[in-house]
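Written out below as structure tokens is the structure these notes cover.
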Amino acid sequence: MAVKKAAYEFTQTELLPGVIERDINQEFPKQQVKKMGELGFLGMMVDPKYGGGGMDTVSYVLAIEEISKVDASASVIMSVNNSLVCSGLEKYGTDEQKEKYLTRLAPGKIIGAFCLSEPEAGSDATSQRTIAEDKGDYYLLNGTKNWITNGNSASVYLVIAQTDPKKKHLGINALIVEREMAGLEVGKKEDKLGIRGSDTHSLMFTDVKVPKENRIGEDGFGFKFAMDTLNGGRIGIASQALGIASGAYERALAYSKERKAFGVEISKHQAIQFKLADMATEIEAARLLCLRAATEKDHKKDFAKTSAMAKLFASQVAMDVTIEAVQIHGGYGYVKEYHVERLMRDAKITQIYEGTSEIQKIVISRELIKL
Ligand code: COS
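Take any residue in the sequence shown, note its place counting from 1, add 3, and you have its number in the numbering used here.
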């Protein structure tokens, strides 16, 4: 498929060179992100009238898998911009909001961030401490957000905040906050185990005046906005996990055909063959779940359960497969130049962000009981 080929070529020419150094130095892939925008990878599913690629979610899965095989830091930047920021704005934004923000976000002229997590509210997303006080023409925003992907590189932030605590989740709003708005401060950069090329920051809002026209949807729609948008985001992260797994598997397979032990290539030993068989089978199952969730979304079906299943399963596969890939590489697997140790570190976050594996089980089981 053309999109898969384009993504593959991009990884080989732009992402692979320097990926180890960017990981070591926690360096944001600025030039590579610019190029991703030019190639149409940052707003793949957005209507071309807003500068997007007009592609379906299946194409998006294929592209994210390919990019994640090589650089999971680049793919999380891509996933957040595509499926949390652009998709959320395109589905629920006003014409004015789309014109003002989406037309720059979709072609990657700027990138965006999605701000839900707080120091004391990650999984328990209704307990928002960030306050958006209704002041008539504007909201006065005060609070702190944590672990924000693209935290320092975004120009636009979609911020979830509580306006009326009495109404609980129905009192929450989603606001478009611009980087230049007075009172927004980017906090410390997190020193992370994996996806070290992506910039993860806390954000502090002190009396930020956000105009009413920057609210997404009706008053009180913010929690529903976040939940619905995250359903789509989870397809992106599931595909990222799939790519991390398949990248590690491909390296392990190639290595096993070169490395000799006891007089033969290690791929001739059943101990390695069985590992490869398990890895390939798990990856294929994860891929099918990702594509199933994407197809349901493309066909406008309810995909909340399947996207949660895809993320739950693919992120576990990413952990299993990357650990085995390191094992197959032996001592070489434990050093940076063979890439698999980085993929193993990158894999872990896929079980945590955009809803932990435990949250995915809540989402899945609620959907099952509802049926
Ligand atoms: N899709 C669409 N709507 C959803 C939804 C989903 N996946 N999950 C919940 N909702 C809706 C519910 O239907 C309910 O709507 P009504 O007001 O019409 O009843 C509303 O949201 C509130 O849901 P609920 O009562 O189930 O809220 P809970 O406090 O029990 O929390 C969970 C629900 C745990 C599912 C939610 O808080 C969640 O998803 N948390 C994880 C958030 C997350 O991913 N954090 C990571 C940060 S982004 S890196």
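From the three backbone atoms N, C-alpha and C, an ideal C-beta is built for every residue, glycine too. Everything numeric in this text was worked out from a predicted model, so none of it was measured.
For the beta strand (DSSP E) containing residue i, name the first residue and the last one.
{"i": "residue 181", "result": "175 to 181"}
{"i": "residue 145", "result": "141 to 152"}
{"i": "residue 210", "result": "203 to 214"}
{"i": "residue 118", "result": "115 to 118"}
{"i": "residue 164", "result": "159 to 165"}
{"i": "residue 137", "result": "134 to 137"}
{"i": "residue 327", "result": "No beta strand (DSSP E) contains residue 327, which is instead part of the alpha helix (DSSP H) from 307 to 332."}
{"i": "residue 190", "result": "187 to 192"}
Roughly how many angstroms lie between the CA atoms of residue i and residue j, to the nearest whole one?
{"i": "residue 112", "j": "residue 50", "result": "16 Å"}
{"i": "residue 205", "j": "residue 267", "result": "52 Å"}
{"i": "residue 220", "j": "residue 162", "result": "13 Å"}
{"i": "residue 100", "j": "residue 371", "result": "36 Å"}
{"i": "residue 196", "j": "residue 141", "result": "39 Å"}
{"i": "residue 181", "j": "residue 336", "result": "43 Å"}
{"i": "residue 365", "j": "residue 313", "result": "14 Å"}
{"i": "residue 326", "j": "residue 283", "result": "14 Å"}
{"i": "residue 156", "j": "residue 308", "result": "32 Å"}
{"i": "residue 236", "j": "residue 83", "result": "7 Å"}
{"i": "residue 293", "j": "residue 272", "result": "32 Å"}
{"i": "residue 305", "j": "residue 269", "result": "45 Å"}
{"i": "residue 79", "j": "residue 240", "result": "7 Å"}
{"i": "residue 43", "j": "residue 169", "result": "43 Å"}
{"i": "residue 212", "j": "residue 8", "result": "45 Å"}
{"i": "residue 322", "j": "residue 350", "result": "6 Å"}
{"i": "residue 61", "j": "residue 301", "result": "8 Å"}
{"i": "residue 85", "j": "residue 58", "result": "11 Å"}
{"i": "residue 103", "j": "residue 199", "result": "31 Å"}
{"i": "residue 56", "j": "residue 207", "result": "33 Å"}
{"i": "residue 18", "j": "residue 346", "result": "14 Å"}
{"i": "residue 185", "j": "residue 224", "result": "25 Å"}
{"i": "residue 232", "j": "residue 329", "result": "34 Å"}
{"i": "residue 291", "j": "residue 16", "result": "28 Å"}
{"i": "residue 76", "j": "residue 97", "result": "31 Å"}
{"i": "residue 23", "j": "residue 352", "result": "18 Å"}
{"i": "residue 215", "j": "residue 144", "result": "12 Å"}
{"i": "residue 260", "j": "residue 251", "result": "15 Å"}
{"i": "residue 30", "j": "residue 74", "result": "12 Å"}
{"i": "residue 146", "j": "residue 122", "result": "10 Å"}
{"i": "residue 331", "j": "residue 275", "result": "7 Å"}
{"i": "residue 68", "j": "residue 358", "result": "19 Å"}
{"i": "residue 36", "j": "residue 124", "result": "30 Å"}
{"i": "residue 63", "j": "residue 324", "result": "22 Å"}
{"i": "residue 242", "j": "residue 172", "result": "29 Å"}
{"i": "residue 6", "j": "residue 12", "result": "10 Å"}
{"i": "residue 70", "j": "residue 317", "result": "16 Å"}
Does the Cβ of residue i have 16 or more other Cβ atoms within 10 Å, making it buried, or fewer, making it exposed?
{"i": "residue 281", "result": "exposed"}
{"i": "residue 91", "result": "buried"}
{"i": "residue 277", "result": "exposed"}
{"i": "residue 115", "result": "buried"}
{"i": "residue 254", "result": "buried"}
{"i": "residue 339", "result": "exposed"}
{"i": "residue 34", "result": "exposed"}
{"i": "residue 264", "result": "exposed"}
{"i": "residue 20", "result": "exposed"}
{"i": "residue 72", "result": "buried"}
{"i": "residue 234", "result": "buried"}
{"i": "residue 334", "result": "exposed"}
{"i": "residue 369", "result": "exposed"}
{"i": "residue 217", "result": "buried"}
{"i": "residue 126", "result": "exposed"}
{"i": "residue 27", "result": "exposed"}
{"i": "residue 4", "result": "exposed"}
{"i": "residue 287", "result": "exposed"}
{"i": "residue 202", "result": "buried"}
{"i": "residue 166", "result": "buried"}
Name the two residues that bound the continuous alpha helix (DSSP H) containing residue i.
{"i": "residue 245", "result": "225 to 261"}
{"i": "residue 65", "result": "60 to 73"}
{"i": "residue 366", "result": "360 to 373"}
{"i": "residue 293", "result": "273 to 301"}
{"i": "residue 26", "result": "22 to 28"}
{"i": "residue 34", "result": "33 to 41"}
{"i": "residue 265", "result": "First-last for residue 265: undefined, no H or E at that position."}
{"i": "residue 13", "result": "5 to 13"}
{"i": "residue 352", "result": "343 to 352"}
With 9 Å as the threshold, decide whether the Cβ of residue i is near any Cβ in chain C.
{"i": "residue 28", "result": "Checking the listed chains, one finds no chain C in this structure; it contains a single protein chain."}
Flag this pair as touching only if the stretch 125 to 142 and the stretch 186 to 205 have three or more C-beta atom pairs under 8 Å; answer yes or no.
The stretch 125 to 142 is not in contact with the stretch 186 to 205.
Give a yes or no on contact between the stretch 38 to 52 and the stretch 169 to 184, applying the rule of three or more CB pairs nearer than 8 Å.
The stretch 38 to 52 makes no contact with the stretch 169 to 184, as fewer than three CB pairs between them are under 8 Å.
With three or more beta-carbon pairs closer than 8 Å as the criterion, would you say the stretch 147 to 154 touches the stretch 114 to 128?
With a cut-off of 8 Å, the stretch 114 to 128 and the stretch 147 to 154 count as touching, because enough Cβ pairs lie within range.
What runs of the alpha helix (DSSP H), each 4 residues or longer, lie entirely inside the stretch 88 to 127?
Runs of the alpha helix (DSSP H) lying entirely within the stretch 88 to 127 and spanning at least 4 residues, in chain order: 90 to 95.
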